[in-house]
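K.L.:
Under the UniProt record's numbering, the first residue of the sequence shown carries the number 258, and numbering increases by one thereafter. Note that CB positions come from ideal geometry on N, CA and C, so glycine has one too. First the structure, which I've put down as structure tokens, then a few questions once you've had a look.
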Amino acid sequence: RIGMNVQDLSKLLHRDTAEIIKKLFLLGIMTNQNQSLDTDTIEILAADYGIEAQVKAAEDVADIDRFFDDENIDEGQLVSRPPVVTIMGHVDHGKTTLLDYLRNSHVTEGEAGGITQHIGAYQTQLNGKTITFLDTPGHAAFTEMRARGANVTDLTILVVAADDGVMPQTIEAINHAKAANTPIIVAVNKIDKPGAKPDDVMNQLMAYDLVPEEYGGDTIFVKISAKFGQNVDELLEMILLQAEVLELKANPDMPARGSVVEARLDRGRGPVATVLVQQGTMRVGDPIVVGNTYGRVRTMTNERGVELEEASPATPVQVTGLNDVPQAGDRFIVMADEKTARAAGEERAKRAQEVIRNSGAVVTLDTLFSTM
Ligand code: GTP
Ligand code: MG
Numbered sequence: 258r259i260g261m262n263v264q265d266l267s268k269l270l271h272r273d274t275a276e277i278i279k280k281l282f283l284l285g286i287m288t289n290q291n292q293s294l295d296t297d298t299i300e301i302l303a304a305d306y307g308i309e310a311q312v313k314a315a316e317d318v319a320d321i322d323r324f325f326d327d328e329n330i331d332e333g334q335l336v337s338r339p340p341v342v343t344i345m346g347h348v349d350h351g352k353t354t355l356l357d358y359l360r361n362s363h364v365t366e367g368e369a370g371g372i373t374q375h376i377g378a379y380q381t382q383l384n385g386k387t388i389t390f391l392d393t394p395g396h397a398a399f400t401e402m403r404a405r406g407a408n409v410t411d412l413t414i415l416v417v418a419a420d421d422g423v424m425p426q427t428i429e430a431i432n433h434a435k436a437a438n439t440p441i442i443v444a445v446n447k448i449d450k451p452g453a454k455p456d457d458v459m460n461q462l463m464a465y466d467l468v469p470e471e472y473g474g475d476t477i478f479v480k481i482s483a484k485f486g487q488n489v490d491e492l493l494e495m496i497l498l499q500a501e502v503l504e505l506k507a508n509p510d511m512p513a514r515g516s517v518v519e520a521r522l523d524r525g526r527g528p529v530a531t532v533l534v535q536q537g538t539m540r541v542g543d544p545i546v547v548g549n550t551y552g553r554v555r556t557m558t559n560e561r562g563v564e565l566e567e568a569s570p571a572t573p574v575q576v577t578g579l580n581d582v583p584q585a586g587d588r589f590i591v592m593a594d595e596k597t598a599r600a601a602g603e604e605r606a607k608r609a610q611e612v613i614r615n616s617g618a619v620v621t622l623d624t625l626f627s628t629m
């Protein structure tokens, strides 16, 4: 903290500069608000305010991962929540077409006609039931999020084009879903095409333990045309059916926590993060720690740009009000007050910096070349 003056310190301690100056005066140190302070003086003052204890508390609250243990969730309060679905498949097999069809055809009443913004996740409705879709680009986002400990997907929709069959990225997708332990529903797509051979796809997938129910297995297959919407409702029904089997539950009655789907810096609005609420209910004004960032939820909007006052489990929302841009897969948690959120966020950012510094210290020519 070299170069800190009285004003900086008073901000840091959340005290009036006058109070700090008075306290220093009582310690025999004459200052004005612009005078820089030496480390000893800062330490004496900080000790006077019990700062050491505060640093400890910051370290404690900074450990936000522990809030994600199941034991922190009151079983008695659990209610069912919508499934969170990721769509995967080989290049050009129709993932985007399917997501776009769902986006435009199954919109909540009152939101139709709203201008959709790509925020990385959205919800669709069928017969009054909700499904949350993660619209993350390709497998990278999925694996990245998982690598960061955010296992947010309940169900994987594997899209396989009936005119192309099982391809390398189809197999990759199967492996990702298996590693994440999420059930797979197969959407055999492009059945409208003249060269479509949906039965071939079913036969090919048996080699990967995806056996259709009609052949004695337990994998759900739906033959669809994402382009024309054929059987897409049936696919949604199957998702809801599978979700029921999974008995997905959450407690809406606690401070919210969840994961970042994507985040970026917006010119006008500052850092914006699309987050998925996984437990609890998030509200505008909530003090929040998101990865190594913190803030207060200023606004919450959905994909249609509709401002929400609160977001319950499995709801994706775009949030503004953070001090910096978090990363996809970061976890967030609502804190009791803004001061605690700030302390936790700053502590986490500091630790992240230390990790970078430490890893920087061990860069040698060898490690440099091995990464080239
Ligand atoms: P990547 O994002 O590049 O991996 O591809 P994708 O899986 O998102 O595929 P996309 O939805 O972009 O579809 C690729 C092409 O297939 C586009 O030209 C679509 O119009 C077409 N397509 C997708 N679904 C169908 C379908 O059901 N029937 C027909 N006939 N064409 C389809
Ligand atoms: Mg696409």
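Which residues mark the beginning and the end of the beta strand (DSSP E) in which Val409 is found?
P.N.:
As a working note, residue 409 is residue 152 in the sequence shown. Neither: Val409 is in no beta strand (DSSP E) and is coded neither H nor E.
K.L.:
Which residues, in chain order, sit with a beta-carbon under 7 Å away from any heavy atom of the ligand MG?
P.N.:
Selection output, chain order preserved: Lys352 and Thr353.
K.L.:
Among residues of its own chain, excluding the 5 on either side of Gln380, which ones have a beta-carbon nearer than 6 Å to its beta-carbon?
P.N.:
Start at 1 with the first residue of the sequence shown, and residue 380 comes out as number 123. Result list for Gln380: Thr387 and Thr389, in chain order.
K.L.:
Is there contact here, the region 504-520 with the region 570-588, by at least three beta-carbon pairs under 8 Å?
P.N.:
The region 504-520 is in contact with the region 570-588.
K.L.:
Just how far apart, CA to CA, sit Arg323 and Leu356?
P.N.:
The residue you call residue 323 lines up with position 66 of the sequence shown. The residue you call residue 356 lines up with position 99 of the sequence shown. Cα-Cα distance, rounded: 34 Å.
K.L.:
Alpha carbons only, please: which of Gly285, Ser569, Asn549 and Gln290 is nearest the one belonging to Asp265?
P.N.:
The residue labelled residue 265 in the question sits at position 8 within the sequence shown. Of the candidates Gly285, Ser569, Asn549 and Gln290, the one whose C-alpha sits nearest the C-alpha of Asp265 is Gln290.
K.L.:
For Val409, is the classification buried or exposed, using 16 other Cβ atoms within 10 angstroms of its Cβ as the cut-off for buried?
P.N.:
Numbered from its first residue, the sequence shown carries residue 409 at position 152. Classification of Val409: buried, given that the 10 Å Cβ count is 16 or more.
K.L.:
Taking all protein chains shown into account, do 16 or more other C-beta atoms lie within 10 angstroms of the C-beta of Glu504, making it buried, or fewer, making it exposed?
P.N.:
The count along the sequence shown starts at 1 and reaches residue 504 at position 247. By the neighbour-count rule (16 or more Cβ atoms within 10 Å), Glu504 is not buried but exposed.
K.L.:
Flag this pair as touching only if the region 458-469 and the region 484-501 have three or more C-beta atom pairs under 8 Å; answer yes or no.
P.N.:
Contact between the region 458-469 and the region 484-501 is absent, because fewer than three Cβ pairs lie under 8 Å.
K.L.:
Consult DSSP for Asp297 and reduce its assignment to one of helix, strand or coil.
P.N.:
Reading the sequence shown from its first residue, position 40 is the one you call residue 297. Note: Asp297 maps to helix in three-state DSSP.
K.L.:
Is any non-hydrogen atom of the ligand GTP found closer than 6 Å to the C-beta of Ser482, if you look at the structure I gave you?
P.N.:
Taking the first residue of the sequence shown as position 1, residue 482 is located at position 225. Checking the Cβ of Ser482 against the ligand GTP gives yes.
K.L.:
Spell out a yes or no on whether the region 338-346 and the region 412-425 are touching, meaning 3 or more CB-CB pairs, one atom from each, closer than 8 Å.
P.N.:
The answer is yes - the region 412-425 touches the region 338-346, with three or more Cβ pairs under 8 Å.
K.L.:
By how many angstroms is the C-alpha of Gly385 removed from the C-alpha of Asp456?
P.N.:
On the sequence shown, position 199 is the one that residue 456 refers to. On the sequence shown, position 128 is the one that residue 385 refers to. If I take the Cα positions, the gap works out to 33 Å.
K.L.:
Is the distance from the Cβ of Gln319 to the Cβ of Ala609 below 7 Å?
P.N.:
Within the sequence shown, the letter at position 62 stands for residue 319. Within the sequence shown, the letter at position 352 stands for residue 609. The question names Gln, but residue 319 is Ala in the sequence shown. It is not a contact, given that the beta carbons lie outside the stated cut-off.
K.L.:
Across the region 540-550 and the region 487-496, are there enough close Cβ pairs to call them in contact, namely three or more that are closer than 8 Å?
P.N.:
Judged by Cβ distances under 8 Å, the region 540-550 makes no contact with the region 487-496, as fewer than three pairs qualify.
K.L.:
Would you mind reading off the limits of the beta strand (DSSP E) that contains Ala378?
P.N.:
Mapped onto the sequence shown, residue 378 falls at position 121. Ala378 to Leu383 is the extent of the beta strand (DSSP E) around Ala378.
K.L.:
What does the alpha-carbon distance come out to for the pair Val534 and Asn432?
P.N.:
Here the question's residue 534 lines up with position 277 in the sequence shown. Here the question's residue 432 lines up with position 175 in the sequence shown. Spanning the two alpha carbons is a distance of roughly 26 Å.
K.L.:
Do you know offhand how far Asn446's Cα is from Met424's?
P.N.:
By one-based count along the sequence shown, residue 446 stands at place 189. By one-based count along the sequence shown, residue 424 stands at place 167. Straight-line Cα distance between these residues: approximately 14 Å.
K.L.:
Is Asn446 close to the ligand GTP? I mean its beta-carbon at under 6 Å from any heavy atom of the ligand.
P.N.:
As a working mapping, residue 446 is identified with position 189 in the sequence shown. Asn446: yes, Cβ under 6 Å from the ligand GTP.
K.L.:
Could you tell me whether the Cβ atoms of Glu567 and Thr538 are closer together than 7 Å?
P.N.:
Position 310 of the sequence shown holds residue 567. Position 281 of the sequence shown holds residue 538. Contact flag set, yes.
K.L.:
What first and last residue would you give for the alpha helix (DSSP H) that runs through Asp331?
P.N.:
Here residue 331 is taken as the residue at index 74 of the sequence shown, counted from 1. Where Asp331 is concerned, there is no enclosing alpha helix (DSSP H), given that its DSSP letter is neither H nor E.
K.L.:
Give the straight-line distance between the Cα atoms of Pro339 and Ala513, rounded to the nearest whole angstrom.
P.N.:
Residue numbering aside, residue 339 sits at position 82 when the sequence shown is read from its first letter. Residue numbering aside, residue 513 sits at position 256 when the sequence shown is read from its first letter. Rounded to whole angstroms, Pro339 to Ala513 spans 16 Å at the Cα level.
K.L.:
With 16 other CB atoms within 10 Å as the buried threshold, where does Asn438 fall?
P.N.:
As a first step, residue 438 is located in the sequence shown; it is residue number 181 there, counting from the start. It counts as exposed.
K.L.:
Would you tell me roughly how many angstroms separate the C-alpha atoms of Leu462 and Leu383, rounded to the nearest one?
P.N.:
By 1-based counting over the sequence shown, the position of residue 462 is 205. By 1-based counting over the sequence shown, the position of residue 383 is 126. One C-alpha to the other measures close to 28 Å.
K.L.:
I'd like the span of the alpha helix (DSSP H) that includes Ser362, first residue to last.
P.N.:
Locating residue 362 in the sequence shown gives position 105, counting from the first residue. Ser362 -> alpha helix (DSSP H) spans Lys352 to Ser362.
K.L.:
Which residue comes first and which comes last in the beta strand (DSSP E) that contains Ala434?
P.N.:
Here residue 434 corresponds to residue number 177 of the sequence shown, with the count starting at 1. Run containing Ala434: none in the beta strand (DSSP E); it sits in the alpha helix (DSSP H), Pro425 to Ala436.
K.L.:
In three-state DSSP terms, what is Gly346?
P.N.:
By 1-based counting over the sequence shown, the position of residue 346 is 89. Strand.
K.L.:
On the three-state DSSP scale, how would you describe Met557?
P.N.:
Along the sequence shown, read from residue 1 onward, the residue named residue 557 stands at position 300. Of the three classes helix, strand and coil, the one that applies to Met557 here is strand, per DSSP.
K.L.:
Can you tell me whether Ala618 is buried or exposed, with buried defined as 16 or more other CB within 10 angstroms of its CB?
P.N.:
For the purposes of this step, residue 618 is identified with residue 361 of the sequence shown, where counting begins at 1. Any answer about Ala618 is weak, because its pLDDT of 45 lies below 50 and its placement is not dependable; what the coordinates show is given next. Result: exposed.
K.L.:
Give me the Cα-Cα distance between Ser569 and Ala507, rounded to the nearest whole angstrom.
P.N.:
Stepping through the sequence shown from its first residue, residue 569 is reached at position 312. Stepping through the sequence shown from its first residue, residue 507 is reached at position 250. Near 9 Å, if we compare the C-alpha coordinates of Ala507 and Ser569.
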